[in-house]
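Q: Chains as they are written, first to last, in full-length UniProt numbering: chain A, 1 to 213; chain B, 1 to 213; chain C, 1 to 213; chain D, 1 to 213. Built from N, CA and C at the ideal position, the CB exists for glycine as well. Small disclaimer: the values here were computed from a predicted structure and weren't measured.
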DNA sequence: CATGAATGAGATTTCATTCAT
DNA sequence: TATGAATGAAATCTCATTCAT
């Protein structure tokens, strides 16, 4: 009655479309999208070369879905709750946000950098609902947290939440890009031991000496 | 009886090796390395398809040199002197550094993002002396500036120059990556109007309210 | 317990084999056999992709049957009776035959031209009883008519019915082929306005001037 | 100085572009264009798979040139002069024209039938100067001959040269198409022994008995 | 027997690299 | 040493055919 199942799915229960997205996602997560071939994906999925065209219009569509799923998976994999305004100290919360952001970016950015210069993938991505906004979710969430702390008086009224959020996300991009461009380094970027502490300290107290205008 | 000169060099005096690097650099600067073919490079250089193999082991070596040269060229093209410790105000100098860093990154990053996932190019790049280290030169320069200001007492002694440098470079990466992944936006990223001011303000005075520990 | 019926046959009573031949025939009639896929046929028939292999050895066999059916259908669709020997004038009858032959060929030839170079289809076709013989039925019928008119004395005894039949069929082939090879022209070939009259005139009276040997 | 020559040309003196056209032409002449692959052509030419893209935009362009060259070659290969008006007898001249036309069509038509349904080839062909007009050259030449004979009084004034030309070309199309659709027959169509004589007789004297109106 | 997804060979086309000249 | 055509491996995508359900 039903048609035949793919050899790769004999055991498990999923359907092949999701299986392909997952396989492509695995490759994309580690290698990025540059130089990724349909054969690579088929091998990774353990299926025949041509299958993907039974489920997607072309390679780019599959890659876009794979990126999308990858981002969702990373987002879903985030353990714990985000810090709540007013609880603990602002410094501890900053550290928590920064560590979470670093983890998310370490997981996401590698997959995305290769997409630059692949207009077809970008176009497909634009058609998909934005799962995390390429970091915008995090950025907005963090800026919201800061605004709440400002209302509580635990953050200076003159501070600019958006600018601080950019600084936070920027540290992440910096770290991940640095590792990506250094093939000799570890796959999973590890920040310098004191970086988080030092950044938090700087963000909290700034550069200006106490008496300065 | 002397060896034949390439058609493109009939007039000038350089050697073909540098000519090829320059041509590839021009392409890399505008299009990045993704989808760049040896024929593209040969056309741009005005020489025959095969010449590059008389001067480089393979395409990747040439591309690595082109990236290298591109970074150097961008660095050399920076107008003006970097701010000097003790002169003007720290805030003005921070702003100058940030604006310079943004300009440099806007010029450099597009060329680099495609390199992720091209291990052969990355390997070749690793063999070359690091011209700016993807920001490391800037980072070190800025950290040095901050240390000097610390010695002059214009920056808090507890501040961590390396962390601040990472924040500065991170803002640049954030801005450029964001634009690169948004094909609808302008080719040359332009920061939000108040971003630079807001970042400088935050870096100077921090988040903590005056009385906070 | 009875075997499952194809979705497309739930209503009617035919069997699937004929249904497939009819569907393929419809496609062949309009597009020819070039670029025709089994999926096209299955879609047209409203059945699953694989069914045809339960009824035919391969695609070529089905296409051969479809061509065969198409020719029969065109022949059956011919309105009216063929002219009868001794009735009206020979000229009027010639004109009627020619017009009928043109109509038949306009309907048949497009389906056939692509078959050249598809040896498997040709081989299958050769195994089938010849429905009109690519014009042979018409040719024989017309030659028979001419022989009858010869016996009635309305056609010269020296005339060769087979040769005249070839001339008649040839005009058709000429017209249809010409249109097929000219993609700018109309899909349905229309003979030049006076062609039929002129051909009939020539066939009737020949080229030789009255007195010539 | 000059680049390397193709292995297949080591001996002879042509260039590869012409060599490819010739090779494709050979295949096209025998098999037609249906089912012709670029690999077939490369094999026939004895060169690498990708060469044709150094000389032609795509397969269709090469096939169009091959068809073109094939037609020209056939035209050039025609031995002897066409009959001249007023010389010999009209019957002998008709026979000569018919035999020449049959030979030309036997050589040309097989190559062309498959082109139907290959719009890209047809479009390319339309851009090329028409070498024989798919028979139009012959048709016009023969019609011109007949008009000349009419002026000389050796052909009836009422006869229609264009219609007669269509009959002549039609016989050719008939013969060749018949053979093409019959894979069991000889590759080179041979008309029935008396066909030419019978057609000439019919064309000369027509069907109408002497006394008929 | 029908289903229709999976299969995998093969088609077109690109492009890094070689090499006779 | 430059030339640039030739080479051929590989990439994307199509499609006839199979087969578990």
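Against residue 174 (chain B), what residues of chain A qualify as contacts under a CB-to-CB distance less than 7 Å, listed in chain order?
A: In chain order: 166, 169, 170 and 173.
Q: Taking the alpha carbon of residue 20 (chain B) as the reference point, which residue from B:34, B:30, B:32 and B:61 has its own alpha carbon closest?
A: Ranking the options by Cα distance to residue 20 (chain B), first place goes to B:61.
Q: The alpha helix (DSSP H) with residue 54 (chain C) in it runs from where to where?
A: Where residue 54 (chain C) is concerned, the enclosing alpha helix (DSSP H) stretches over 52 to 55.
Q: Return helix, strand or coil for residue 33 (chain C), following the three-state DSSP convention.
A: Coil, per DSSP.
Q: Buried or exposed for residue 193 (chain D), please, with buried defined as at least 16 other CB atoms from any protein chain shown within 10 angstroms of its CB.
A: With fewer than 16 other Cβ atoms within 10 Å, it is exposed.
Q: Would you please verify whether the beta carbon of residue 198 (chain B) is less than 8 Å from any beta carbon of chain A?
A: Judged by the 8 Å Cβ criterion, residue 198 (chain B) is in contact with chain A.
Q: When you compare the stretch 161 to 178 of chain A with the stretch 161 to 179 of chain B, are there three or more beta-carbon pairs, one atom per stretch, that lie closer than 8 Å?
A: Touching, per the Cβ criterion.
Q: Please report how far the alpha carbon of residue 80 (chain A) lies from the alpha carbon of residue 59 (chain D), in whole angstroms.
A: Their Cα atoms are separated by approximately 60 Å.
Q: I need the boundaries of the alpha helix (DSSP H) containing residue 121 (chain C), first residue and last residue.
A: Taken as a continuous stretch (DSSP letters only), the alpha helix (DSSP H) holding residue 121 (chain C) covers 119 to 127.
Q: Go through its chain and collect everything with a Cβ distance to residue 121 (chain A)'s Cβ below 8 Å, but skip five positions before and after it.
A: Hits under 8 Å: 33, 60, 63, 64, 67 and 115.
Q: To which residues of the same chain is residue 74 (chain D) closer than 7 Å at the C-beta, ignoring the five residues directly before and after it?
A: If we look at residue 74 (chain D) and ignore the five residues flanking it on each side, its Cβ neighbours are 104, 107 and 108.
Q: List the residues of chain D whose Cβ lies closer than 8 Å to the Cβ of residue 34 (chain C), in chain order.
A: Simply 34, 114, 116, 117 and 118.
Q: Let's test the definition: count the other Cβ atoms within 10 Å of the Cβ of residue 89 (chain C) and tell me whether it reaches 16, buried, or not, exposed.
A: Counting Cβ neighbours within 10 Å, residue 89 (chain C) comes out exposed, since fewer than 16 surround it.
Q: Going by DSSP, what residue range makes up the alpha helix (DSSP H) through residue 48 (chain B)?
A: Premise fails: residue 48 (chain B) is in no alpha helix (DSSP H) and is neither H nor E.
Q: Could you give the distance in angstroms between the alpha-carbon of residue 207 (chain C) and the alpha-carbon of residue 137 (chain C)?
A: Rounded to the nearest angstrom, the two C-alpha atoms are 28 Å apart.
Q: Can you say whether residue 49 (chain D) is buried or exposed, counting buried as having 16 or more other CB atoms within 10 angstroms of its CB?
A: Looking at its Cβ environment, which holds fewer than 16 other Cβ atoms inside 10 Å, residue 49 (chain D) is exposed.
Q: Can you look up residue 15 (chain A) in the DSSP assignment and give me helix, strand or coil?
A: Of the three classes helix, strand and coil, the one that applies to residue 15 (chain A) here is coil, per DSSP.
Q: Please list the segments of the beta strand (DSSP E) lying wholly inside the stretch 37 to 111 of chain D, counting only runs of 3 or more residues, in order along the chain.
A: Taking only runs of at least 3 residues, no beta strand (DSSP E) segment lies wholly in the stretch 37 to 111 of chain D.
Q: Please compile the residues from chain C whose C-beta is within a distance smaller than 9 Å of the C-beta of residue 205 (chain D).
A: Near residue 205 (chain D) (Cβ distances below 9 Å), the residues of chain C are 156, 158, 159, 205, 206, 207, 208 and 212.
Q: Given that residue 127 (chain A) touches chain B, what residues does it touch there, using C-beta distances under 7 Å?
A: Here the premise fails: no neighbours, minimum Cβ distance about 12 Å.
Q: Mind checking which residues open and close the alpha helix (DSSP H) that includes residue 164 (chain C)?
A: Where residue 164 (chain C) is concerned, the enclosing alpha helix (DSSP H) stretches over 161 to 180.
Q: Is it buried or exposed for residue 78 (chain D), if we count other Cβ within 10 angstroms and need 16 for buried?
A: Looking at its Cβ environment, which holds fewer than 16 other Cβ atoms inside 10 Å, residue 78 (chain D) is exposed.
Q: In this structure, how does DSSP classify residue 114 (chain A) when only helix, strand and coil are distinguished?
A: Residue 114 (chain A): coil per DSSP, three-state reduction.
Q: Within the same chain, show all residues whose beta-carbon is closer than 8 Å to that of residue 69 (chain D), passing over the 5 residues directly before and after it, in chain order.
A: If we look at residue 69 (chain D) and ignore the five residues flanking it on each side, its Cβ neighbours are 21, 22 and 25.
Q: Check whether chain B comes within 8 Å of residue 202 (chain A), counting only Cβ atoms and requiring the distance to be less than that.
A: At least one chain B Cβ lies under 8 Å of residue 202 (chain A).
Q: Taking the alpha helix (DSSP H) that residue 195 (chain D) belongs to, which residues open and close that run?
A: Unbroken alpha helix (DSSP H) run through residue 195 (chain D): 195 to 205.
Q: Using a threshold of 8 Å, state whether the C-beta atoms of residue 98 (chain B) and residue 196 (chain B) are closer than that.
A: Going by C-beta atoms, residue 98 (chain B) is nearer than 8 Å to residue 196 (chain B).
Q: Throw me the rounded Cβ distance for the residue 204 (chain C) and residue 91 (chain C) pair, which I believe falls under 8 Å.
A: Right, their Cβ atoms sit about 6 Å apart.
Q: So which residues of chain C does residue 153 (chain D) contact, with C-beta pairs closer than 7 Å?
A: Going along chain C in sequence order, the residues near residue 153 (chain D) (Cβ under 7 Å) are 209.
Q: Is the CB of residue 23 (chain A) under 8 Å away from at least one CB in chain B?
A: Residue 23 (chain A) does not count as touching chain B.
Q: Could you say which of C:126, C:110, C:42 and C:117 lies nearest to residue 36 (chain D) if we only look at CA atoms?
A: For residue 36 (chain D), the nearest C-alpha among the options comes from C:117.
Q: Using DSSP with H/G/I as helix, E/B as strand and the rest coil, what is residue 28 (chain B)?
A: Looking at residue 28 (chain B) - three-state DSSP - the assignment turns out to be helix.
Q: So residue 72 (chain C) and residue 200 (chain C) are supposed to be a Cβ contact under 8 Å. How far apart are they, rounded?
A: Contact doesn't hold; Cβ gap of about 29 Å is too wide.
Q: Using CA coordinates, which residue listed in C:151, C:102 and C:153 is at the minimum distance from residue 178 (chain C)?
A: Ranking C:151, C:102 and C:153 by Cα distance to residue 178 (chain C) puts C:102 first.
Q: Excluding the 5 residues preceding and the 5 following residue 124 (chain A) in the sequence, name in chain order all residues of the same chain whose CB lies nearer than 6 Å to its CB.
A: Cβ within range, chain order: 60, 61 and 64.
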